[in-house]
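Colleague:
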Amino acid sequence: MAETIREEYVRKNPRSAELYPKFKELFPSGGAGHDGYVASPFPISITRGQGPRKWDVDGNEYIDYGMGSASLLLGHAHPEVVDALVQAAPNGSHYGAPVESMLEWGERVVNLIPCAEKVRFVASGAESTMLSIRVARAYTGKEKVIRWESHYHGWHDYAMPGNLPPFDKPASIGIPQGSLDSMVVLPPDLDALERVLATDDNIAAVITEGSGASYGTVPLAPGFLEGVRRLTRQYDVLMILDEVITGFRWSPGGLQAKIGLDPDLCTLAKVLTGGLPGGAVAGKKEFMQVMEQTGDRDHDRFARVLHGGTFNANPYCAATGNAALRIAATGEMQNTADRMAERLRVGLREVIDRYEVAACVYGESSTFHIYFGGRSIEGLDAIALKSTSPELQTNFRQALQVRGVDLMSRTSGVLSGVHTEEDIAQSLEAFDGAMKALMDEGLVSHD
Ligand SMILES: Cc1ncc(COP(=O)(O)O)c(C=O)c1O
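The sequence shown maps to residues 159 to 605 in the numbering used here.
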């Protein structure tokens with residue numbers, strides 16, 4: 159009898175299998191730092207990445223469509239980013255003082271991102287959304303923030319209501335009721351937004367994942383972002399655009415530059431630091447001024463937003479951030495990544511047609527998503543678009559991994575500006591083989 163996907167996965171990864179019990183002993187569920195690193199029967203342990211590829215502890219090679227959770231627009235270990243880090247390393251990682259490279263980094267953000275008049279660096283994307291919410295609440299003196307069902311803004315308390323279905327239950331336990339009550343979760347619908355804005359006078363801001371939920375797994379309707387901008391202006395609340403994924407990726411100036419949107423605040427991370435930890439809130443002076451220290455004791459103690467963070471804007475991240483943004487500013491990486499993603503999407507549709515599977519492929523910019531529930535995503539909401547069974551998700555990813563391709567999450571991936579036509583051709587062969595394996599095991603069906 160032919161080997162199953164799971165049997166082949168186990169056979170090809172003996173060292174990863176051997177390491178996993180040790181991970182489980184040390185870390186909850188075996189996840190050292192992220193829930194997403196947990197897999198059944200075990201995740202693959204990686205040793206090295208270079209360009210669009212990475213290698214595991216068993217010597218297997220992968221064309222990577224995870225790309226550091228979309229942080230590696232320039233690919234793994236880009237020589238200029240590595241060189242910047244190597245140059246910075248001997249000088250130390252923290253002086254508790256301003257460093258010129260931070261200035262250059264901030265200027266790059268201001269020059270590239272349209273709404274960025276002032277910038278504050280943080281240590282992650284989650285911290286950027288958390289700080290943006292505090293800034294909006296402080297500026298408006300209002301408490302509640304509207305967010306959309308299924309949009310991801312990190313793992314902090316304010317990001318947990320509405321993140322996972324059922325949307326009236328937070329995505330995690332351990333969240334105080336006060337935090338839950340301070341967020342308003344809505345389906346991505348402008349009428350629903352207007353109804354809340356017209357009736358609740360305690361709304362500080364609306365936060366939106368620019369791509370639509372989960373880097374575009376749930377695309378936004380055309381005109382939706384512009385509608386949010388119009389209504390937030392009309393009702394005097396702030397628009398926070400979460401550009402943690404789209405920033406520097408959708409275009410050098412992010413999604414806002416690409417579509418001419420004018421948010422009040424935006425959040426950045428991932429590409430911002432060239433693959434090291436970091437993030438930023440950027441926005442109009444008028445709003446960012448709530449962070450100013452004036453020297454007046456009363457003002458500074460009672461009338462401003464406090465913010466700290468040991469590792470924010472540290473010299474190593476400033477060095478890699480500068481190297482990455484210098485390259486990202488030209489737009490060449492984004493053009494290549496978008497072009498290669500389009501080729502991949504077209505090729506994937508051919509695979510689906512060949513096997514006549516009830517699935518479809520979509521995605522914007524340098525992303526791709528595969529929906530296994532039918533030939534179109536027209537009219538489908540977040541629950542439907544994220545409904546692929548865990549069994550199919552696991553088998554699909556492992557069927558690809560044993561053929562030398564890795565995904566970012568679920569049935570989606572993201573490209574870099576260093577993926578090549580050869581990578582795409584090789585990947586499409588892997589997708590073809592994976593689809594056949596899924597059909598052989600009865601995990602996907604004909605349309
Ligand atoms: C849109 C969006 N916002 C915020 C975050 C949180 O960023 P981080 O994982 O750096 O905390 C992510 C992470 O994937 C994201 O995709």
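In this text, a Cβ means the ideal position worked out from N, Cα and C, and glycines have one as well. Quantities reported herein were computed from a predicted structural model and do not represent experimental measurements.
1) For Glu500 and Glu490, I'd like the C-alpha separation in whole angstroms.
2) Please give the ranges of any alpha helix (DSSP H) in the stretch 390-474, keeping only runs that are unbroken, at least 4 residues long and fully inside the region.
3) Using a threshold of 8 Å, state whether the C-beta atoms of Met566 and Tyr223 are closer than that.
4) I think Gly320 touches Val303, with their Cβ atoms under 8 Å apart; what is that distance to the nearest whole Å?
5) Compute the Euclidean distance between the alpha carbons of Phe200 and Trp213, then round it to the nearest angstrom.
6) So Gly207 and His236 are supposed to be a Cβ contact under 8 Å. How far apart are they, rounded?
7) For Arg568, does the three-state DSSP call read helix, strand or coil?
8) Would you tell me roughly how many angstroms separate the C-alpha atoms of Val277 and Gly441, rounded to the nearest one?
9) With a threshold of 7 Å, establish whether the CB of Val560 neighbours any heavy atom of ligand 1.
10) Please list, in chain order, all residues of the same chain as Asn249 whose beta carbon is under 8 Å from its beta carbon, the five residues on each side excluded.
11) Give the secondary structure of Met341 by DSSP, where H, G and I count as helix, E and B as strand, and everything else as coil.
12) Does DSSP put Tyr167 in a helix, in a strand, or in coil?
13) Give me whichever residues DSSP pairs with Ile582 in a beta bridge.
14) Going by DSSP, what residue range makes up the beta strand (DSSP E) through Tyr220?
15) Helix, strand or coil: which one does DSSP assign to Tyr529?
16) Within the present structure, is the beta-carbon of Glu367 separated from the nearest heavy atom of ligand 1 by less than 7 Å?
17) Sort out for me which residues DSSP pairs Thr366 with in a bridge.
18) Quick check on the DSSP output: the alpha helix (DSSP H) that includes Gly264 runs from which residue to which?
19) Could you check what DSSP says for Val504 in three-state terms: helix, strand or coil?
20) Work out the CA separation of Ala557 and Ile163 for me, nearest whole Å.
21) Quick check: what's the CA-CA separation for Phe185 versus Glu166?
22) Starting from Lys302, trace the beta strand (DSSP E) both ways and give me its first and last residue.
23) What does the alpha-carbon distance come out to for the pair His192 and Ser330?
24) Going by alpha carbons, who is nearest to Ala495 out of Ile582, Arg568 and Glu384?
25) What are the partner residues of Ile204, as DSSP defines its beta bridges?
26) Only counting the same chain, and skipping five residues up and downstream in sequence, which positions put a Cβ closer than 7 Å to that of Lys170?
27) State the beta-bridge partners of His234 as determined by DSSP.
28) To the nearest whole angstrom, what separates the beta carbons of Val402 and Leu423, a pair I think is in contact under 8 Å?
29) Regarding Thr287 and ligand 1, is the C-beta to nearest heavy atom distance less than 7 Å?
30) Which residue from His457, Phe554 and Gly575 puts its Cα closest to that of Arg568?
31) For Lys276, report the span of its beta strand (DSSP E) as first-last.
32) Over what stretch of residues does the beta strand (DSSP E) that includes Val519 continue unbroken?
33) Mind checking whether Val470 and Arg266 have CB atoms under 8 Å apart?
34) Alpha carbon to alpha carbon, what distance is there between Asn493 and Leu502?
35) Which residues in the same chain have their Cβ closer than 6 Å to the Cβ of Gly433, if we skip the five residues on either side of it in sequence?
36) Have a look at the DSSP bridge pairing and note the partners of Gly371.
Modeller: Well, looking at it:
1) Spanning the alpha carbons of Glu500 and Glu490 requires a straight line of approximately 15 Å.
2) The stretch 390-474 contains these whole alpha helix (DSSP H) runs: 412-417, 443-446 and 455-460.
3) It is a contact, given that the beta carbons lie within the stated cut-off.
4) Incorrect: roughly 11 Å between the Cβ atoms, too far for contact.
5) Each residue's alpha carbon lies about 16 Å from the other.
6) That belief does not hold up - the Cβ atoms of Gly207 and His236 are roughly 10 Å apart, past 8 Å.
7) Looking at Arg568 - three-state DSSP - the assignment turns out to be coil, as it is neither helix nor strand.
8) Going by the C-alpha atoms only, they are around 7 Å apart.
9) Proximity of the beta carbon of Val560 to ligand 1 is not indicated: no heavy atom of the ligand is located closer than 7 Å.
10) Closer than 8 Å at the Cβ level, and outside the excluded window around Asn249, lie Pro473.
11) Correct three-state label for Met341: strand.
12) Here Tyr167 sits in helix by DSSP.
13) BP columns for Ile582 are empty, so no partner.
14) DSSP places Tyr220 in the uninterrupted beta strand (DSSP E) bounded by Glu219 to Asp222.
15) Tyr529: strand per DSSP, three-state reduction.
16) At least one heavy atom of ligand 1 is nearer than 7 Å to the Cβ of Glu367, so yes.
17) Paired residue(s): Leu399.
18) Per DSSP, Gly264 belongs to the alpha helix (DSSP H) from Glu258 to Leu270.
19) In the structure shown, Val504 sits in a helix (DSSP, three-state: H, G or I).
20) If you take the alpha carbons of Ile163 and Ala557, they lie about 6 Å apart.
21) Their Cα atoms are separated by approximately 26 Å.
22) That run of the beta strand (DSSP E) goes Lys302 to Trp306.
23) Going from the Cα of His192 to the Cα of Ser330 covers about 14 Å.
24) Closest option to Ala495, Cα to Cα, is Ile582.
25) Among the bridge pairs identified by DSSP, Ile204 is matched with Asp214.
26) Here the set comprises Asp216, Asn218 and Val560.
27) The bridge partners DSSP lists for His234 are Gly209.
28) Going by Cβ atoms, the distance from Val402 to Leu423 rounds to 13 Å, so no, they are not a contact pair.
29) Using a cutoff of 7 Å, the CB of Thr287 counts as near ligand 1, since one of the ligand's heavy atoms is closer than that.
30) The alpha carbon of Arg568 has as its nearest neighbour, out of His457, Phe554 and Gly575, the alpha carbon of Phe554.
31) Lys276 to Val280 is the extent of the beta strand (DSSP E) around Lys276.
32) From DSSP, the beta strand (DSSP E) with Val519 extends over Cys518 to Tyr520.
33) Note on residue identity: the sequence assigns Asn, not Val, to residue 470. Contact check for Asn470 against Arg266 fails: the beta carbons are separated by 8 Å or more.
34) If you take the alpha carbons of Leu502 and Asn493, they lie about 14 Å apart.
35) Within the same chain, Gly433 has close Cβ partners Gly226, Ser229 and Leu230.
36) Going by the sequence as given, residue 371 is Ala instead of Gly. Beta-bridge analysis with DSSP links Ala371 to Val376.
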